[in-house]
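A short worksheet on the structure shown next.
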Amino acid sequence: MLDIRWMRENREALAEAMVKLNDPEAPWEQALDLDGKRRELLQQAEKLREERNTGSKRIGVLFREKKASEAGALKERMGRIGAEIAQLDEDLRRVEAAYHDAMMRIPNPPEKDVPVAPDEEGNVVVSQWGELPEFDFVPQAHWDLGTDLDIIDFERGVATAGSRFYFLKGAGARLQRILSNWFLDVHIREHGFTEIYPPMMVRGHAMEGTGNLPKFGDNLYRDAEEDYWFIPTAEVSVTNMHRDEILDPGALPLYYVASTPCFRREKVSAGKDVRGIKRVHQFQKVEMVKFVEPAAGRDELESLTRAAEVLLERLDLPYRRVAIATGDLSFVAAIKYDLEVWAAGCREWLEVSSCSLFRDFQARRANIRYRPREGARPEFVYTLNGSGLALPRVIIALLENNQRADGSVKLPDVLRPYLGDEMEIG
RNA sequence: GGAGGGAUGGCCGAGAGGACGAAGGCGGUUGUCUUGAAAACAACUGUGGCAGUGAUGUCACCGGGGGUUCGAAUCCCUCUCCCUCCGCCA
0 MLDIRWMREN REALAEAMVK LNDPEAPWEQ ALDLDGKRRE LLQQAEKLRE
50 ERNTGSKRIG VLFREKKASE AGALKERMGR IGAEIAQLDE DLRRVEAAYH
100 DAMMRIPNPP EKDVPVAPDE EGNVVVSQWG ELPEFDFVPQ AHWDLGTDLD
150 IIDFERGVAT AGSRFYFLKG AGARLQRILS NWFLDVHIRE HGFTEIYPPM
200 MVRGHAMEGT GNLPKFGDNL YRDAEEDYWF IPTAEVSVTN MHRDEILDPG
250 ALPLYYVAST PCFRREKVSA GKDVRGIKRV HQFQKVEMVK FVEPAAGRDE
300 LESLTRAAEV LLERLDLPYR RVAIATGDLS FVAAIKYDLE VWAAGCREWL
350 EVSSCSLFRD FQARRANIRY RPREGARPEF VYTLNGSGLA LPRVIIALLE
400 NNQRADGSVK LPDVLRPYLG DEMEIG
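Residue numbers (numbering that gives the first Met the number 0): 0 to 425.
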C-alpha cells in the first residue's frame, strides 16, 4: 500500500509509474477521488459528533440539576443529529471500503534505476558467473537422470497427488535435506540471520500484508472450511511476524531465514513446464527476510542478493543476475533481481532466487513500524526478501551439470562436511 | 469435541450507562534536593485520522465487527484469541 499523502502530492509521478509498470488497471485515480470524498464526509460527521458530544454532556448536567424539560428538548435535537451522523457514517463506510479496496490494488512504483519495458523481454542480465559445463556426450535432463538413478519418482507422485507432484527418494531426498541445512547454516553463521520455523498456513490478512491477496488468490491453496491459506513462500509468515508492531529503537535491522515447503497452484501456466521438478505444486525453499531502516534499503538488497549468489558460487553452478524490468516486476516489489542457474540437461536458465526490496509497501499493509529513536514518532520499516535458495531447481542444476557418461553424478566438495563419504549418486 | 471463565494504556490492575483517554500501582522521562548515586518529592509520560504554515483544535480508539441509547469501557448480538476442567490425540 502507498502513502495517500504522497499520492495526493505526486499525481504525475504516480501516473508515470503505472505506465512503466504496464498496469493500466491500477485504480489509483479512483483511490484519489474516494480519498477526497472520504475526507469530506469525515469532516462533516466529526463536526456533528462534536456537537453531539457537548450536547450529551449538557443533558447529563441538566438531569443532575433536575431540569428535565430542558433536557428533553435537547435530547430530541441530539436525536436528530444522531440520525444525520448515522447516515454520514453509512456513506463513509461505503466510501472507505471502496477506497481501501482500490488502495490494495495499486502496485508499488519501481525504483528509478529499474529497466523500463512492458514485459519480461526487457529484463537485463547484469552479471554472469562461472563457465557453462561441456560434455563429450549428450547430457540428460533431470527427469531422465532422476528416474534412472531412482531418486525422483514422478509416476508414483502423480498417482498419489496428481500432476506436478513427485517423490524424492534415497539420495535425492537426502540431497535436498542437506542442501537446505547447508544454506541455513551459511546464512546463520556468515550473514547474521536468525533461523525461524514459521506457520505454513496463515490467515487471510497475513496474505494481504505481503500482497498475495486480494489480487493473487488464485495462485494459493486454502482450507475450504476455514480461513487458512497455505503459504506460497515463507516470506508470508515471516514478514507477518512483526505485524502491528512498533519495533524499539536499535531493533533494526532484523534478518530472518526459514526453510519451508511452498505451495503454489500454478494455475496460470497449465501445460507449461509439465516435465520434471522445475514447476511443481509443492517445493522446499530457504527464504531470507529482512526488516531494515529506509536509508539502508538498497545496500541491504545488495547484501541479500550476494548472500544468495555466494551459495551458487560455492556449489560451482554457473548463474546470472537478472534485473527485472518494470513491466515484469511483481505487484509488491520496487526493484527485483532474479538469480538464474544454468541447467545443462534441459539447456535452460532456471530461476532459483528472487531478491526484492519492497520499501514500506508491505510494512504499510501489515502495519510494521519502528521508532527511529527514543520518543520519536513511529515510522514504517522497509522489508526485503530473497530466496536462498529454492531447492528443486538447485537439485536440477547439480544433477544435470555434474552428470557423467555412465549416468552417475558427482556432488560438489563444499557439501563434504554434510555428505561424508557419499559424494556420488549412482 | 463438551462445560465454564476471561481480553482495559509499556506492564499490573480498578471501573458495571453521563464529570472516563480511563482510578491506583509499577516502569519511563524531566526537574528539586545531593559532591555523585540512592531515597524522597513534583511534573510529564499511548496510537492514529482530519483541519491549520504553526501554536493548536477536533474526532476516534478499553480484543475485532455490528447494534441499543441524547450519550457505551460499561447493556445486547457476533467473531477472534487466551485460560481452567473433561474427552481425544502425536
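The beta-carbon is built from N, C-alpha and C at its ideal position, and this holds for glycine as well. Please read all numbers here as calculations on a predicted model, not as lab measurements.
Leaving out the 5 sequence neighbours to the left and right, which residues in its chain are closer than 8 Å to residue i when beta-carbon positions are compared?
i    : result
A426 : This structure cannot settle anything about residue 426, because the visible part of the chain is limited to 0 through 425.
L410 : L174, L397, N401, L418, M422, E423 and I424
A294 : none
F330 : P106, N107, G210, K214 and F215
P252 : K289, F290, V291, E292, A295 and E299
A97  : Q29 and L33
Suppose you measure from the CA of residue i to the CA of residue j; what does that come to, to the nearest Å?
i    : j    : result
L303 : E49  : 51 Å
A343 : R392 : 12 Å
D100 : Y220 : 22 Å
Y369 : D88  : 32 Å
E45  : I84  : 9 Å
E373 : W128 : 45 Å
W27  : M102 : 7 Å
E265 : A160 : 15 Å
R37  : R7   : 13 Å
P197 : F360 : 22 Å
D217 : A375 : 41 Å
A82  : R10  : 37 Å
K271 : P377 : 46 Å
E207 : W228 : 11 Å
L178 : E347 : 21 Å
T4   : E24  : First, the amino acid is wrong: residue 4 is Arg here, not Thr. So the alpha carbons of these two residues sit roughly 21 Å apart.
E120 : E224 : 41 Å
D420 : T382 : 41 Å
A67  : Q86  : 29 Å
E308 : G35  : 47 Å
S162 : P260 : 17 Å
T53  : G71  : 15 Å
Are residue i and residue j touching if we call contact CB-CB under 8 Å?
i    : j    : result
L20  : P106 : yes
K284 : T232 : yes
E286 : V237 : yes
L1   : V94  : no
K214 : Y254 : no
C345 : E399 : yes
V18  : A322 : no
G145 : G171 : yes
A365 : N180 : no
F153 : H280 : no
I80  : L47  : yes
P109 : I334 : yes
D226 : R202 : yes
Whose C-beta lies closer than 6 Å to the C-beta of residue i among residues of the same chain, with five residues either side of it excluded?
i    : result
L131 : P317 and W341
V413 : R313
H241 : I367
R358 : A333 and Y381
Hey, out of the options, whose CA is closest to residue i's CA?
i    : options                   : result
A332 : K111, S236, A257 and L388 : K111
I245 : V380, K65 and E75         : V380
A389 : E399, A375, L311 and K214 : L311
S55  : N9, E75, Q43 and E39      : E75
L167 : N9, C345, L414 and F282   : F282
H141 : D135, F134, K36 and I151  : I151
G59  : L47, D118 and M77         : M77
R320 : E292, S352 and R297       : S352
V408 : L148, R363 and D90        : L148
L262 : D243, M199 and G203       : One detail in the question is off: residue 262 reads as Phe in this sequence, not Leu. Taking only the C-alpha atoms, the option nearest F262 is M199.
L41  : D90, E64, A12 and T53     : D90
Excluding the five sequence neighbours on either side, which residues of its own chain have a C-beta within less than 7 Å of the C-beta of residue i, listed in chain order?
i    : result
E69  : L61
L349 : K277, E339, V340, A342, R392, I395 and A396
N211 : L219, P231 and V235
A306 : H186, H190, M287 and G387
L183 : E194, V256, S258 and V285
R274 : W142
A404 : F136
R57  : L73
G156 : F164, Y165 and F166
Quiz item: For the segment 121-194, which segments carrying the alpha helix (DSSP H) assignment without a break, of at least 4 residues, lie completely within its bounds, in sequence order?
Solution: 141-147, 153-160 and 170-190
Exercise. At 3 residues or longer, and completely inside the segment 209-288: list those beta strand (DSSP E) runs for me, N to C.
Key: 253-262
Quiz prompt | Start-end ranges of the alpha helix (DSSP H) lying completely within the segment 290-327, minimum 4 residues | solution = 296-313
Quiz item: Counting only runs that start and end within the segment 347-392, where is the alpha helix (DSSP H) found for 4 or more residues in a row?
Solution: 360-365
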